[in-house]
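Everything below concerns the one structure shown next.
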Amino acid sequence: MGINAVKSHMHGASHKAAVGRREQSQLSIASFCAPTATPLPNTTAELVKTATTATSAPSSADIRMGGKSPCSREGSSSLASDYEVRGCSQANEAQADPLIIAKLQFFLAISRTFNPFLTKYQTDEPVLPFLAKDLSELLKSLLRCFLKRELLHDLTPLQLTKVNVADEANWVPVMNADIGLGAESAIRASTSDRARVGELSVLIFRRACRQGLVTMVKKLQEKSPLKFPVVRAIACLDPTSMHRDPEWCLTKMKTTVQKFLQDSQLAGGISAGDVIVQQFESFLTVEARDECFLSFQPLQQQIDVFLHSASLTLSCQSSVRAF
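Take the sequence shown: its position 220, counting from 1, is numbered 210 in the numbering used here, and each next residue is one higher.
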């Protein structure tokens, strides 16, 4: 195509129409992509009107939810509503229960029984030598609440785990079960109003308390570390026991060493075990006679530091320290 033909085409009507359509298309695209300018309100009244309109106008999510805001009580999930209703119902039942104070006092009495033990043994310090004694005392204190006293005389820690607490013949009468002073006082206060609490309700409550104690003791017996020989025998490292009953401690140390030998956990075998027992007997004869052993306080002193410093007085105690 010649130059004259090109010029003639560009000045033609068809070419000018095509250029116009292209410019109009570019203008439309630019208008669509550009952000819409929203004029700012000039007065306070206009600002309030704008905010009110934006707040009250329902969103698409609100329309789908039937006009209910997801943050409102009406728009909350049915599961949350069920929990609220159930919680309110339980609170109302507790308020209407004339024995609720007695029940709470019983739970407090049980928690006070467990609290010293849990406080002492939730620690990183070595307290295993005291576990058998303290756990035995905890079991005895619970057993005394519902078991006949003659069945608890001179029981060893292992025997405590074998007491048949499920046999009702071993229980004290329900009126003699120890449910705590607070619960007893609450019962007396509630029974003064005969219209609210009857004798049958009190009897059912006492039976429930006794059964709860039985269940707790059974669980302690099933999971008790007192069933393990090493847990019972390691009490020989209690400084107080060393001072008061060295013969018993020596017997328990022999039991511990024998258990380690049976499980192949003692380096050096039988000969090393004999040396440990001999050195421990010497330690009981000399160092453990000191009055500081009798006054040892587990919650104030670390037993490993105490025994290590005491065994440094004789060089022959190296095997005992290593064990």
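Glycine is no exception: its CB is placed at the ideal position from the N, C-alpha and C atoms. These figures come from a predicted structure and were not determined experimentally.
Exercise. Under 8 Å, do Ile293 and Leu190 count as touching if we go by C-beta distance?
Worked result: no
Exercise. Counting along the chain, where does the alpha helix (DSSP H) carrying Phe96 start and finish?
Worked result: 90 to 111
Problem set entry | Closest Cα partner of Gln112 within the set Leu289, Ala300, Ser285 | Leu289
Exercise. Within the chosen definition, does the stretch 242 to 254 reach the stretch 167 to 178 through at least 3 CB pairs nearer than 8 Å?
Worked result: no
Exercise. Of the choices Leu129, Gly170, Ala81, whose alpha-carbon is the least far from that of Asn154?
Worked result: Leu129
For this session: For the alpha helix (DSSP H) containing Ile224, list its first residue and its last residue.
Result: Taken as a continuous stretch (DSSP letters only), Ile224 belongs to no alpha helix (DSSP H), as it is neither H nor E.
Exercise. Can you tell which of Leu89, His298, Ala81, Leu142 has the C-alpha that lies nearest to the C-alpha of Cys199?
Worked result: Leu89
Exercise. Is it true that the stretch 228 to 245 meets the stretch 202 to 210, where meeting means three or more beta-carbon pairs spaced less than 8 Å apart?
Worked result: no
For this session: Would you mind listing the alpha helix (DSSP H) stretches within the stretch 246 to 283 that are 4+ residues and don't spill past its ends, in chain order?
Result: 259 to 275
Exercise. Is it true that the stretch 114 to 134 meets the stretch 213 to 224, where meeting means three or more beta-carbon pairs spaced less than 8 Å apart?
Worked result: yes
Exercise. So which of Phe120, Asn105, His143, Asn82 has the shortest CA-CA distance to Ala225?
Worked result: Phe120
For this session: Take Thr241 as the anchor and find which of Ile260, Ala257, Gln255, Gln268 has the nearest alpha-carbon.
Result: Gln268
Exercise. Run through DSSP, which three-state label would Leu133 get?
Worked result: helix
For this session: Would you mind working out which of Asp124, Asp144, Ala159 sits nearest Lys335, comparing C-alpha positions?
Result: Summary: the structure shown does not reach residue 335, with the chain confined to residues -9 through 313, and so no result is reported for it.
For this session: Count the other CB atoms, across all protein chains shown, that sit within 10 Å of the CB of Thr151; report buried if there are 16 or more and exposed otherwise.
Result: buried
Exercise. Taking the alpha carbon of Arg197 as the point to measure from, which residue in Met165, Asp264, Gln291 has its own alpha carbon closest?
Worked result: Met165
For this session: Might you give, ordered along the chain, the residues of its own chain that have their beta carbon closer than 7 Å to the beta carbon of Ile285, omitting 5 neighbours on each side?
Result: Before going further, note that residue 285 is Ser rather than Ile in the sequence given. Excluding residues within five positions, none has a Cβ falling inside 7 Å.
For this session: Express the C-alpha separation of Leu108 and Val187 in angstroms, rounding to a whole number.
Result: 36 Å
For this session: Could you say which of Leu98, Phe296, Val276, Ser231 lies nearest to Ala122 if we only look at CA atoms?
Result: Ser231
Problem set entry | Whole-angstrom C-beta distance between Gly170 and Ala99, which should lie under 8 Å | 3 Å
For this session: List the whole-angstrom C-beta distance separating Leu142 from Arg134, where the pair is believed to meet the contact cut-off of C-beta under 8 Å.
Result: 7 Å
For this session: Have a look at the DSSP bridge pairing and note the partners of Trp238.
Result: BP columns for Trp238 are empty, so no partner.
Exercise. With 16 as the cutoff for other CB atoms within 10 Å, does Gly263 come out buried or exposed?
Worked result: buried
Exercise. With 16 other CB atoms within 10 Å as the buried threshold, where does Ile266 fall?
Worked result: buried
For this session: Report the rounded CA-to-CA distance for Ser272 versus Arg279, giving the unit in angstroms.
Result: 11 Å
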